[in-house]
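What follows is a single structure, written as C-alpha cells, with notes after it.
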Amino acid sequence: MEKSQHKFDDLFDDQKFLDVLQGAEKLELVSFISKLPIPIAIIENEGIFLGINQNFADIYESDALYLMGKKLSSVSTVVHAYYIEALNDFKSQSHLQLVENEFYSKGHFYILNFKSLRDVDRKLIAVIVVCTDVTRLKRRERVLIQNNQKLHDHLYIDQTTGVNNRRALERFLKQNFVGTKRENYSFLKIDLDDFKKFNQLNSYTYGDELLTSIAQLFHDEIAQDNAILYRLNSASFVVVLEKCTPWSALTVAERLRHKMMKENIRFEADSEEILTISIGIYHPQAHNNFNELDIIEQIDIAVQQAKSQGKNSIFVLD
C-alpha cells in the first residue's frame with residue numbers, strides 16, 4: 001500500500017497529468033483512475049466529481065460512472081465538509097499540498113487525504129481525494145486500549161470495592177507530591193472501628209459486601225469535593241483533598257463520620273453497637289521532605305491518635 005501511495009504521489013506531481021485531466025473525456029478519466037488500487041476521486045473547486053474510481057464509489061455503495069459530474073455534498077456531507085476545509089486551506093496557502101482527516105462510514109473507518117493539484121503557476125486546478133481503510137488498525141487500537149485498561153484495573157483498582165488501591169495512592173504521590181505542591185494536599189485516613197470483630201460476628205463475605213457499600217458511601221459523599229478515594233487495606237480508606245483548607249478538611253471528615261453513623265450498621269441484630277469510623281487528618285507543609293511512604297506513615301499516626309481518643313473520633317496531626 002505504501003509503495004502504491006508513493007507511485008500515486010509521483011504521478012500527480014507530474015505536469016503531464018494536468019494535461020490528461022484537462023483534455024480527457026469522461027470515460028477516459030474514469031478508465032485512467034480506475035487502474036489505481038486505492039479509493040480515489042478528483043474533485044473540482046466547485047465540489048463536483050471530475051473523476052472517481054469504483055473503489056471510492058463502493059464506500060457509498062454507488063457506481064463510479066453514475067457519480068461522475070455529481071456533487072460531493074450529495075454523496076457525503078461529512079466528507080464534503082472536510083473537503084471545504086481543505087479547499088480553503090489550499091487556496092490560502094499556495095505551497096500546501098496535503099490535508100488529512102478521518103471519517104466513519106458504514107462500519108468502516110477511513111483516513112482522508114486531500115491533495116492539491118496545481119499548475120505551474122501554483123493555481124489550484126482540482127483536489128485529489130484518497131481514502132485509506134483503517135478499520136483493522138482501529139480495531140487493534142481498541143483491543144490495545146481495552147487490554148491496557150484491564151492491566152490498569154488489575155494494578156491500580158481494588159478488586160473488592162472498585163475504588164483506587166494502595167498502589168494507585170503511591171503512584172499518585174510520586175507523580176504529584178513534589179516541591180511546593182505538597183501544600184496543595186490534605187489527607188484523611190479512615191479506619192473502620194473494630195471491623196475485624198464485625199467480620200468475626202458476621203462473615204468475611206458479608207464484610208466484603210459491606211466494604212463495597214461503604215466505599216460507595218464515601219465516594220458519593222466526597223463527589224462534590226476536589227477529592228480522590230483510595231482503599232489502603234482491609235479496613236482503611238484514604239481521601240486525598242486538593243487545595244483544601246484545614247477547616248474544610250475537618251468539615252469533610254465530620255461529614256463522613258456522621259454519614260457512617262446514620263447508616264446504623266449493627267454488629268449484631270440484637271446489639272446496640274454500631275459500626276463507626278475514626279479519622280486522622282494530616283496537612284503536609286512544603287518544608288516536609290517526605291516521600292510517598294512517609295505520608296502513609298504520617299496519616300497512620302494521625303488515625304492511631306484518633307483511635308486513642310476512643311472510637312468514632314477525629315484527630316488532626318500537626
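Note that full-length UniProt numbering has the sequence shown beginning at 1, numbered continuously upward.
Note that beta-carbon positions come from the ideal geometry of N, C-alpha and C, so glycine has one too.
Our two residues, K311 and N264, have alpha carbons roughly 15 Å apart in a direct line. Assignment of beta-bridge partners to Y66 by DSSP yields no partner.
The alpha-carbon of K35 is positioned some 18 Å away from that of S62. D294 and R166 have their C-alpha atoms some 14 Å from each other.
For R257, the enclosing alpha helix (DSSP H) begins and ends at 246–263. Of Q146, Y282, D121, F114, the smallest CA-CA separation from A81 is found for F114.
Taking C-beta atoms under 8 Å as the contact rule, A253 and L169 fail to qualify, at a distance of about 18 Å. For the 8 Å CB-CB criterion, V134 and F109 form a contact. At a Cβ-Cβ threshold of 8 Å, D193 and L275 count as neighbours.
Secondary structure note for V143: it is in no beta strand (DSSP E), and the uninterrupted alpha helix (DSSP H) holding it is 135–156. Burial is judged here by how many other beta carbons sit within 10 angstroms of a residue's own beta carbon; Y66 has fewer than 16 and is exposed. Across the structure, A269 and F198 are spaced so that their CA atoms are roughly 12 Å apart. Annotated three-state conformation of L124 is strand, per DSSP. Secondary structure note for S105: its beta strand (DSSP E) is the uninterrupted segment 98–105. With at least 16 other beta carbons inside 10 angstroms of its own, I277 counts as buried.
Going by DSSP, N113 is part of the beta strand (DSSP E) stretching over 108–118. Inter-residue distance for V163 and L211 is about 11 Å (C-alpha atoms, whole angstroms). For R231, the closest alpha carbon among the candidates D121, F290, D158 is that of D158.
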